Structure formats: structure tokens, C-alpha cells
């Protein structure tokens, strides 16, 4: 590893010790899968240590939210905090466990960039919380997968160390296989029917065609009990992948056969044949909670509450419906603005999923995507989400720094990662903002 792992682990221990001195901390986490898993790991540790706590998961860490926390004597931030200089207004005992690009705050901070690790790819907030509190390694995996940090086995990453420890504890298994959602929880036909990442033209959305395709592969349903991808033998899994790759090659689809497969992770402390058994499905379930204003349900899922799990599965159907509609709208309305692609999702796509929609389109683009939605928390503000490809980042693009600089010109706030970032700006400043953003990309 190029990063300084000994210094990183020493800082993790320092954060753990400061947390143990707290009497009743308030946890503030982000509302996505990484934020929910990281705050849940923190909550689980505090519960183990019999330390009382309160918890909230939020869409963004706004200056007004920070101001509202001024009277809190003990605060733990997970998956947010590093990029907000307003954090220095907080007094008391503050611990920040975050992997976003830093603004240089004055509080105790565990952040990979401090130790020459990359917060985009080497570790997420959930992984940081695992190394600080040394519990619930499986949630660290879910958080990293939710933040699209796969493959976690990259030897340069802290994720690889976490994955090794989870495997040695019998909590997880790494395998290479199909990328589609539903490998653990859906029948083969349902898995293909709902396929949207990658999309399978002529198969996705057509149940009869899905069943015909499976029959042609020798995988037709043979009995009343539906079989899943994970219930297939290795030979059968390989045959299905080969058949899909051959189909996509003949179809001329924009989806390449190589996009069909990826590194996957099974969680052995979760029930098989459920949305919790596969780390990717688990992370999607959590995103469904957070992005539908039910983050407390997501925390309950992470901590194993049966009622929360049932509620989350209901939210998942709504979440995927909203995503399908949002992606359909985006595919019809994406505009080329020269140095970037632009999507105006106002009144159509929720600000809670606009970034997800942009992220699902960017793989097909040679330019960064900038998408906007109405800010549900502030009627006169816009939520801006940007996404880029790894190749653009390798060429020098840093969306987090760019958005932070551009938004600051217009009284807004922005930041995030090199590959994915967000901002809020006044609605009337949009045209000027787009000009400044375009100019910054041309530098």
C-alpha cells in the first residue's frame, strides 16, 4: 500500500478512545448506504459499550444544520463533515469519520486523504468506522459497495484489508460473477425482467422473453420452487453469463459483455435468498430507505430489526420504480452543453435520486454529467449532482474541487469526490453557474 496504514490505524484508535470518553453522543450520518452503514456501525459499538446515544441521518450537512448542533456537547459525524469549514463553529467533543475531500477542519478527523489514501476508491466511511470500532465488518463491505468502490480486493486499498478480516471472521465471501441485481433474492426470470444495470435490450421488461431466453440456455424453471442465480452450479452460472454475453454481442447493445460481470460479496451472517445476503442488494435496500425519507428504517435494517427489514423491502419497490422512471426521462432529455452533458430534472426527478440517475448514465458518456433537481429542503435552491468516469478522473478531473469553487461564487456550497460531487445554489444563479462550470472544465 502506498498510504501510511500505521498512522491511519493510530488515528482510528485515537477516535475510538475519544468516543469511549463520551457520555451521550449524537451521531450525524449521511442518508445513503455508506452513511447508514457507517452510522449503524458507530451505533452498534456504542450499544456494545453501553453508552447512550441519539442518531440522525441527513441528506446534506448544511450550514443551518451545523448551526443547530452548536449546543450538542458530543458529536460523531459519519460520511460527512470533512468538507465543511462551518464545522469549526462546533465546540465540545467532535469526531469526524469521513472519506470526502477535506476543507481542513479543526476537530479530530479520520479521513483517508490525511494518510495518502484515496477516499474515492480505497475506503468509504463505513470502512473507516469499521477500523475505528472493529465491529460489523460486513456493514463496512456494504457501505463500500454502495459507494461504488468495487473491486474491494484492490491491494492498494484499505478495503482489501477490511475484506480479508471479514473473510477470516467468516462474515463474507468474495466471488466473481454476474452483476445483475437480485442474484440472491429473485428468480432467474425476475432477475432478468428487472435488469437495468446493465440493461438487457429485448429481455429487460419482457417476462415471456426472459423465460424463453432461460429455456434456450437450459435453465427453464423445472419445479414450483423458483431457483436463483446463486442456487445454480458454477457451470450453470457460467453458461448463463456466456449466453448473455453472446446475446449482447449480436444485439449491438451499448452494454458491453464485460459489464455483465464483476467482483461480488456474499454476507454469511445474513439469511440466504434475501436482499441482505448479497452486499450489492443490501446497499440498494439501504439506499431505498434513505432516498425515500426513511433513514431510520435503514439503520434498523443494519442492526437486524425484522420490522425494519420488512418495511425496507416495501420501500425498495418504490425506489426502483422511481429510478426506472428517472432514467427513462434522462435518456430522452440529456443535452450536450459542450464540455459536459446536462440534465434538467426539475419537477420530474427527486433531489434524493438525481445523483443516482446521473451515475447510471455516466458510464456511456465521454464527458462529465451535471444534473439538477429542485432542493426539497429549500424552495429557492437547486440541487446539483455531477458524475464522471474513472478515465476522466485519471486525466485530471476533480469534480469535488470544481463544484466547491463554482458554487462559492454564487453563495452556494459544494464538494464531494473527484468522480462524484454535489452542490446547492440559488435557483436564479443557474445560467451563470453553468457558464462558470463550463469554463472551469476547459482549464
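In this note's numbering, the protein residues as written are 57 to 499. Ideal Cβ placement from N, Cα and C applies to all residues, glycine included. If you're wondering where the values come from, they're calculated on a predicted model, not measured in any experiment.
Check	Outcome
Under a Cβ-count criterion, where at least 16 other Cβ atoms within 10 Å of its own Cβ denotes burial, should residue 469 be classed as buried or exposed?	buried
When you compare each of 170, 187, 321 to residue 234 by their alpha carbons, which one comes out closest?	321
With DSSP as the reference, label residue 395 as helix, strand or coil.	coil
Give, in chain order, every unbroken run of the beta strand (DSSP E) that is at least 3 residues long and sits entirely within the stretch 293–376.	317–323
According to the Cβ coordinates, are residue 208 and residue 219 closer than 7 Å?	yes
Flag this pair as yes or no: are the beta carbons of residue 18 and residue 343 separated by less than 7 Å?	Any question about residue 18 goes unanswered here, given that the chain covers just 57 to 499.
Can you tell me whether residue 110 is buried or exposed? The criterion is at least 16 other CB atoms within 10 Å of its CB, across all chains shown.	exposed
Output yes or no for whether 7 Å exceeds the beta carbon distance between residue 149 and residue 130.	yes
What is the rounded straight-line gap between the Cα of residue 325 and the Cα of residue 102?	21 Å
What residues match up with residue 477 in a beta bridge as DSSP calls it?	442, 472
To the nearest angstrom, how far is it from the Cα of residue 393 to the Cα of residue 176?	26 Å
Do residue 195 and residue 355 have their CB atoms nearer than 7 Å?	no
Nearest CA to the CA of residue 359: which residue from 191, 162, 396?	191
I think residue 334 touches residue 251, with their Cβ atoms under 8 Å apart; what is that distance to the nearest whole Å?	Incorrect: roughly 15 Å between the Cβ atoms, too far for contact.
By the DSSP assignment, the alpha helix (DSSP H) with residue 429 in it spans what residues?	Here residue 429 belongs to no alpha helix (DSSP H); instead the beta strand (DSSP E) covers 425–430.
In the structure shown, what three-state DSSP assignment does residue 151 receive?	strand
Helix, strand or coil for residue 291? Go by DSSP, reduced to three states.	helix
Could you give the residue range of the beta strand (DSSP E) that holds residue 112?	110–114
Would you please verify whether the beta carbon of residue 306 is less than 7 Å from any beta carbon of chain C?	Absent here is chain C; the protein component of the structure consists of one chain.
What are the boundary residues of the beta strand (DSSP E) that includes residue 82?	82–86
Specify the secondary structure class of residue 482 as computed by DSSP and reduced to three states.	strand
What is the rounded straight-line gap between the Cα of residue 283 and the Cα of residue 58?	44 Å
Would you identify the three-state DSSP class for residue 117, choosing helix, strand or coil?	coil
Measure from the alpha carbon of residue 332 to the alpha carbon of each residue in 199, 464, 408, 481, then state which is nearest.	199
Of the residues 141, 486, 273, which one's Cα is nearest the Cα of residue 436?	486
Using only the alpha-carbon positions, how far apart do residue 290 and residue 433 sit?	48 Å
Pick out the complete alpha helix (DSSP H) segments inside the stretch 210–289, 4 residues or longer, and give them in chain order.	214–224, 244–249, 263–272
I'd like the span of the alpha helix (DSSP H) that includes residue 166, first residue to last.	Segment 164–166 is the beta strand (DSSP E) holding residue 166; no alpha helix (DSSP H) there.
With a cut-off of 8 Å, do at least 3 Cβ pairs link the stretch 411–430 to the stretch 441–460?	yes
How many angstroms separate the CA atom of residue 104 from the CA atom of residue 398?	47 Å
Who are the Cβ neighbours of residue 372 in its own chain at under 6 Å, not counting the five residues just before and after it?	341, 344
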